[in-house]
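Asker: Residues in the sequence shown are numbered from 1 upward in steps of one, following the working numbering. Pasting in a structure now, in C-alpha cells, and then I'll have a few things to ask.
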Amino acid sequence: MFGSNTSDIVMFTGLTMDSQVLVEGRLLDIVDNIWKEDKLPNDDISVPPSELPDPEADNGDPRLTLKQQEQKWTDLALSRLAEQNQGASN
Numbered sequence: 001m002f003g004s005n006t007s008d009i010v011m012f013t014g015l016t017m018d019s020q021v022l023v024e025g026r027l028l029d030i031v032d033n034i035w036k037e038d039k040l041p042n043d044d045i046s047v048p049p050s051e052l053p054d055p056e057a058d059n060g061d062p063r064l065t066l067k068q069q070e071q072k073w074t075d076l077a078l079s080r081l082a083e084q085n086q087g088a089s090n
C-alpha cells in the first residue's frame with residue numbers, strides 16, 4: 001500500500017468540477033505508524049437533555065435538539081415586523 005518508511009506522504013492537487021472551482025494548491029498530509037495505530041477513548045459523556053435530538057420527532061427536522069426546537073417557535077421575527085411597520089408609517 002504505502003512505502004516501508006515510518007511516515008507516508010500523501011499529496012493532492014486542486015480539482016475543477018462543473019459546479020465549483022477549487023483553488024490550485026497542494027495538501028500535504030504526513031501520517032506515521034504511531035498516528036495510524038492511535039485509538040480514541042470510548043468514554044461516556046454526559047449531555048444535557050435539552051441538547052439531545054428529539055426522541056419523538058414526528059414533524060420537523062429530527063436533527064434539531066429540543067433547545068433548538070423551542071427557539072424556533074419563539075423566534076417570530078417580531079423585530080423585523082416592527083422595523084417594517086415603522087418604515088411604512090414614515
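Glycine included, every Cβ here is placed at the ideal spot set by N, Cα and C.
Please tell me whether Asp54 and Leu66 are closer than 8 Å, where the distance is taken between their beta carbons.
Answerer: Yes, Cβ-Cβ distance for Asp54 and Leu66 is below 8 Å.
Asker: Could you check the C-alpha separation between Gln69 and Ile34 for me, to the nearest Å?
Answerer: Gln69 and Ile34: Cα-Cα distance of roughly 43 Å.
Asker: Per DSSP, Asp58 forms a beta bridge with which residues?
Answerer: Answer by DSSP bridge pairing: none, since Asp58 is not bridged.
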